[in-house]
Amino acid sequence: MDSIVNHLVSTAPEPGHRITFARLDGDRSMDLTELYARSADVARHLRRQGIRPGDRVGILSPNRLEWVLLDLAALRLKAVTCGFESGKFDASAALLAKYDLAVLYTDRIAPTGAGAGADPLIRDIAELADVPATDDALGPVKYETDDHTTIKFTSGSTGEPKGLAASVGSIDSSITAVQGLFHHTDGDDLFVFLPLSLLQQRYWIYSALVYGHDVTVSTYEAAFSALKRVRPTVVMGVPGFFETAKKQIEGQVRRSGAEVPSAARLLFGDRIRYLWTGSAPASAAVLTFFNDTAGLPLFEGFGLNETCIVSKNHPGAHRQGSVGQVLPGKEILLDEDGVVSVRMDYPVNTRYEYATPEAQRIFQPGGIVRTGDLGYVDEDGFLYIRGRADDVIVLDNGKKVIVRPIEERMRTSPAIEECVLFCPTQTYLVAVVSPARQPADTDVIAAHLAAANAALAKDERIRKVIVAEPGFTIDNGLLTSQYKPRRQQIFERFRSAILDNQEGIHA
Amino acid sequence: MPDIPTIVRERLAEVLDDVPADDVDLDRDMADDYGLTSLNKVLFLTAVCDETGVGLSHFTERDLDVMRTGNDVVDALGRVAAA
Chain A
1 MDSIVNHLVS TAPEPGHRIT FARLDGDRSM DLTELYARSA DVARHLRRQG
51 IRPGDRVGIL SPNRLEWVLL DLAALRLKAV TCGFESGKFD ASAALLAKYD
101 LAVLYTDRIA PTGAGAGADP LIRDIAELAD VPATDDALGP VKYETDDHTT
151 IKFTSGSTGE PKGLAASVGS IDSSITAVQG LFHHTDGDDL FVFLPLSLLQ
201 QRYWIYSALV YGHDVTVSTY EAAFSALKRV RPTVVMGVPG FFETAKKQIE
251 GQVRRSGAEV PSAARLLFGD RIRYLWTGSA PASAAVLTFF NDTAGLPLFE
301 GFGLNETCIV SKNHPGAHRQ GSVGQVLPGK EILLDEDGVV SVRMDYPVNT
351 RYEYATPEAQ RIFQPGGIVR TGDLGYVDED GFLYIRGRAD DVIVLDNGKK
401 VIVRPIEERM RTSPAIEECV LFCPTQTYLV AVVSPARQPA DTDVIAAHLA
451 AANAALAKDE RIRKVIVAEP GFTIDNGLLT SQYKPRRQQI FERFRSAILD
501 NQEGIHA
Chain B
1001 MPDIPTIVRE RLAEVLDDVP ADDVDLDRDM ADDYGLTSLN KVLFLTAVCD
1051 ETGVGLSHFT ERDLDVMRTG NDVVDALGRV AAA
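Here the protein sequences come in this chain order: A and B. Quick note: the first sequence, position 46, residue 46 per my numbering, numbers continuous. Quick note: the second sequence, position 46, residue 1046 per my numbering, numbers continuous.
Following this line, the structure appears as structure tokens:
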């Protein structure tokens, strides 16, 4: 099989494997052959609506069957999907115009005025569930490796989302490489609850169709309740999800006296083969908990929207604390400062759309992306990420401080959910912490600050802590959709407290 | 009928770790005032539904979205329990 995408658009899946859509109000399941046939009906429907190869089809909706049908239908027409994260965008004529959409399917139906119904190009995504079956031929579709199937929108840590059209070659090489590591097959059920607007989450649906295994697509809200019912073998999450799961399991152990492994199985089901995490660094405590205590292998990896998956721990090569060995088709390049660049045989793209010229500097000639992460590769080829290059603070005495290990040390306090360090005057560090609960336990935070400083080198010590109230959330704009702190926004929000010597908990 | 306000208060206290159940104010915003994350909100509601015998399946994702305070949860569960 030379191309996953070309296989998808040309070959019906073998019967016997299912896709399940889990919502709070229940599950809906169908054989993958039915999904594939219905995606052809939706493709014909789109074509009757005038959608042609290269047209952009917008999708603004939480995870649901129609999302998947639309994505597959667009692939089969060679149309380009634009997946917008639900809650982050408005279904509006402005969205259509800004992103050159031929049509936008959404669940955001306004009763009157703007939204579906008001603009004929903004359509109710629910209508795709009842598209009549017809048998007119769709015609063959063939993709080249540098064709693009979809536009990703990077949540980023600053500013407006940037568009990134993803190449077929990058999709093919990533899915093929991951399959070589994990061998997803009959008996597997991959659980997906992160938004389908994130292309990588759709990989697992493509994988099910091509390699023959089950897949479950859940809403974010239904994820924990669905796990018990679905009993997946693999769960695709982010560190924040596994952090919450850890606390839940520990609470269950306290309440019931159960052993950790049995409490973990109560939450995740009894068929877990492994857990997948990426997008942000997982804490050592979470990795140790799942791998060593709960008996559920948690494999961390590394990748950016601009590179797709670069490295991954897996059952055949796992070194905790690393982000795994580099995948085939990718190469790590380190500059003299240890900044990681990635060279790809099949680049995701060589430029952003809807971005400033400065932002384009991440792309370098030769299929190279400068990640901005600091790292190193050990003697066995495992990649370690130490922090962001732009998280290196150079003090006025010339000393360089890498902030991530210090932030991680602060986060080990049960009173601290998240920590971001700033150095407002190049002379000392100020931490802004998001407390684990409100009101913040300032005594515990102060004690932890003292303990952390005692263990840190002189230049790494934190002079004071600002407690963010309310804490960092996605809703208040201080976390990205993948739970990464938005440093610039946090600095702006707490600027006066950071700069005011009277504010905060002092060391 | 189960004592829904008490169960909501106890389960919320549990997920908040160090807020005693008696101190939980059901009129306060669970996210803004108590720092409840969206994932913890789901876990909290799952626990409340388990204990009250009100199936989580009675609610939609949007129902959860508009439950901002403990009393929103009490009211929503009460409506289902009374039906």
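The beta carbon of each residue, even a glycine, is placed where N, CA and C say it ideally should be.
Identify the contact partners of residue i in chain A, using a Cβ-Cβ distance below 7 Å as the criterion.
i, result
"D1033 of chain B", "Q438"
"V1054 of chain B", "None at all; the shortest Cβ gap to chain A is about 12 Å."
"E1014 of chain B", "G251"
So what's residue i in DSSP terms, helix, strand or just coil?
i, result
"D1065 of chain B", "helix"
"P1005 of chain B", "helix"
"T427 of chain A", "coil"
"Y354 of chain A", "coil"
"I272 of chain A", "coil"
"T154 of chain A", "strand"
"A264 of chain A", "helix"
"H184 of chain A", "coil"
"F491 of chain A", "helix"
"M410 of chain A", "helix"
"Y376 of chain A", "strand"
"G26 of chain A", "strand"
"F242 of chain A", "helix"
"G1070 of chain B", "helix"
"S218 of chain A", "strand"
"Q364 of chain A", "strand"
"F289 of chain A", "helix"
"A104 of chain A", "The sequence given here places Leu at residue 104 of chain A; Ala does not occur at that position. Note: L104 of chain A maps to strand in three-state DSSP."
"P405 of chain A", "helix"
"S10 of chain A", "helix"
"I581 of chain A", "The structure shown does not extend to residue 581 of chain A, since chain A spans only 1 to 507, so no value can be given for it."
"T1060 of chain B", "coil"
"F193 of chain A", "coil"
Cβ of residue i less than 9 Å from any chain B Cβ?
i, result
"R18 of chain A", "no"
"T244 of chain A", "yes"
"D509 of chain A", "The structure shown does not extend to residue 509 of chain A, since chain A spans only 1 to 507, so no value can be given for it."
"G381 of chain A", "no"
"G338 of chain A", "no"
"G471 of chain A", "yes"
Around the Cβ of residue i, are there at least 16 other Cβ atoms within 10 angstroms (buried) or fewer (exposed)?
i, result
"P281 of chain A", "buried"
"V1042 of chain B", "buried"
"G83 of chain A", "buried"
"A129 of chain A", "exposed"
"H17 of chain A", "buried"
"V394 of chain A", "exposed"
"Q426 of chain A", "exposed"
"A245 of chain A", "buried"
"G1070 of chain B", "buried"
"L194 of chain A", "buried"
9 Å is my cut-off, CB to CB: does residue i come that close to chain A?
i, result
"D1027 of chain B", "no"
"V1019 of chain B", "yes"
"T1037 of chain B", "yes"
"T1046 of chain B", "yes"
Taking residue i as the query, report the chain B residues whose CB atoms sit under 7 Å from its CB, ordered along the chain.
i, result
"Q248 of chain A", "L1043"
"F241 of chain A", "L1039"
Quick one: list the residues of chain A neighbouring residue i, beta-carbon separation under 9 Å, in chain order.
i, result
"E1061 of chain B", "R23, L24, D25, P62, T219, Y220, E221, A222"
Please compile the residues from chain B whose C-beta is within a distance smaller than 8 Å of the C-beta of residue i.
i, result
"S225 of chain A", "V1042, T1046, L1056"
Report yes if the C-beta of residue i is less than 8 Å from at least one heavy atom of the ligand HEM; otherwise report no.
i, result
"D396 of chain A", "Looking at this structure, you won't find the ligand HEM or any other ligand, since it has none at all."
Within 8 Å of chain B by C-beta, residues of the stretch 141–165 of chain A in sequence order: none
Interface residues of the stretch 1059–1083 of chain B facing chain A [CB-CB below 7 Å]: So the list reads F1059, T1060, E1061, L1064, given in the order they occur along the chain.
Contacting positions in the stretch 181–207 of chain A - beta carbon closer than 7 Å to chain B: none
Near-chain B residues of the stretch 273–293 of chain A (beta-carbon distance less than 9 Å), N- to C-terminal order: Cβ contacts with chain B: none found.
Contacting positions in the stretch 417–435 of chain A - beta carbon closer than 7 Å to chain B: P435
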